[in-house]
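With the numbering used here, letter number 208 in the sequence shown gets 208, and the count goes up by one each step, no holes.
Note that beta-carbon positions come from the ideal geometry of N, C-alpha and C, so glycine has one too.
Note that the structure is a prediction, hence the values are computed from the model and not measured.
A quick write-up on the structure given underneath.
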Amino acid sequence: MMPNLQIRWPGNRPFAFTVIDDTDWATVQNVKPVYDLLADLGFRTTKTVWMFQSENGINPGETCEDAEYRSWVVALQNRGFEIALHNAAAGTSDRVRSLRALDGFRDLFGNDTAIHCNHTGCLENLYWGDTRLSGWRRGVYRSLTRGVRTEISRGHVAGDPLFWGDACRERVRYVRNFVFDQLNTLKMCPEMPYYDPAKPYVNLWFASADAGNLATFLRNFTYAAIDRLVSERGLCIVYSHFGGGFAPGGHLDREFANRMTYIAGKGGWFAPVSTVLDHLRGEAGADERIIAPAALASLESRWLQNRTKVEVAKKVRRALRPRK
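So this is what it looks like as structure tokens:
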């Protein structure tokens, strides 16, 4: 497969920009102001949801079982935003609940989810933890994480009670994987969307740019970095949790709004994630998007290097934080 080195964006736009918003912590109160801003600025992005509540999930928020939230996300879809799945619930789901979530999503939104994003702590995740990597890079990752990220992903293990990989392959086009702190996602992963034959239950993978919370967004999405993305005629697929402090108490963060307004003023192509990935893929099927072994090794190595750099920076910031 040849990488996407020369991409022409629809309308001859100079760059492309979209967001995949994981639903952690999300409520109508703390994310609606973000989406009102995005809509007013002309962005159409992708928001994930949970279909069901969970008693012991990590970073829980409202779900499609909440009437007000359900009505709001349906209205969001009607405004042109894409809705996708972030697992069935915030906690681990067996095969039965995962399939119920896929069916319930289709009934509510009128189509299967085009995108799946694994959620932290859900054991039915697909190819997550150390299984994201191959070869010696898996061993390095195990060492870096002290082994705590092994045996945490069983959604792709046929016969396991948590297995649902066959349904993912049949019904979901894209799954998110590696996240980088560089804005030009296509520069970091020029092969995307790509198929990895070692992970047959995922049709196509894509990468993203880290804005996991407000502080990370402000650190990575500087005005200079935004200008660089535009000059490179690149693509940014933002990975974020808009429930993570972007509009605390329903009050939109002013600097976040300023930077999104700045991006909007650059005249990019602002479409939902699956629309952007469909454009990159063209008419090619998964068998025509197979990533070469050398390219996969390079991608995994870049992610490991980026992950190590980010973790070191976190430790430095913690060390410099004033003691109470």
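Tell me the rounded alpha-carbon separation between residue i and residue j.
| i | j | result |
| --- | --- | --- |
| residue 325 | residue 46 | Residue 325 cannot be examined here, being either before or after the span of the chain that is shown, 1 to 324. |
| residue 225 | residue 100 | 42 Å |
| residue 154 | residue 175 | 16 Å |
| residue 32 | residue 26 | 9 Å |
| residue 114 | residue 84 | 7 Å |
| residue 125 | residue 62 | 20 Å |
| residue 233 | residue 197 | 30 Å |
| residue 219 | residue 263 | 15 Å |
| residue 15 | residue 297 | 27 Å |
| residue 191 | residue 260 | 27 Å |
| residue 105 | residue 44 | 20 Å |
| residue 199 | residue 266 | 38 Å |
| residue 102 | residue 96 | 10 Å |
Assuming residue i contacts residue j (C-beta within less than 8 Å), just tell me the rounded distance between them.
| i | j | result |
| --- | --- | --- |
| residue 310 | residue 112 | Actually they are not in contact, since the Cβ atoms of residue 310 and residue 112 sit about 33 Å apart, beyond 8 Å. |
| residue 236 | residue 183 | 5 Å |
| residue 79 | residue 39 | 6 Å |
| residue 162 | residue 308 | Contact flag wrong, Cβ pair sits at about 30 Å. |
Hey, would you say the C-beta of residue i is under 7 Å away from at least one heavy atom of the ligand GDP?
| i | result |
| --- | --- |
| residue 29 | With respect to the ligand GDP, the structure offers nothing, as it holds no ligand at all. |
What is the DSSP secondary structure of residue i, reduced to helix, strand or coil?
| i | result |
| --- | --- |
| residue 220 | helix |
| residue 102 | helix |
| residue 69 | helix |
| residue 309 | helix |
| residue 21 | strand |
| residue 9 | coil |
| residue 279 | helix |
| residue 210 | strand |
| residue 109 | helix |
| residue 185 | helix |
| residue 262 | helix |
| residue 83 | strand |
| residue 199 | coil |
Compute the distance between the beta-carbons of residue i and residue j, then report whether it is under 8 Å.
| i | j | result |
| --- | --- | --- |
| residue 212 | residue 244 | yes |
| residue 189 | residue 299 | yes |
| residue 48 | residue 117 | yes |
| residue 210 | residue 179 | yes |
| residue 11 | residue 303 | no |
| residue 253 | residue 242 | no |
| residue 18 | residue 172 | no |
| residue 77 | residue 52 | no |
| residue 289 | residue 194 | yes |
Using 8 Å as the cut-off, can you tell me whether the stretch 129-149 makes contact with the stretch 54-74, which would need three or more C-beta pairs spanning the two stretches below that distance? no
Quick check: the stretch 273-291 against the stretch 52-66, are at least 3 beta-carbon pairs closer than 8 Å? no
Taking three-plus beta-carbon pairs below 8 Å as touching, is the stretch 92-99 in contact with the stretch 113-128? yes
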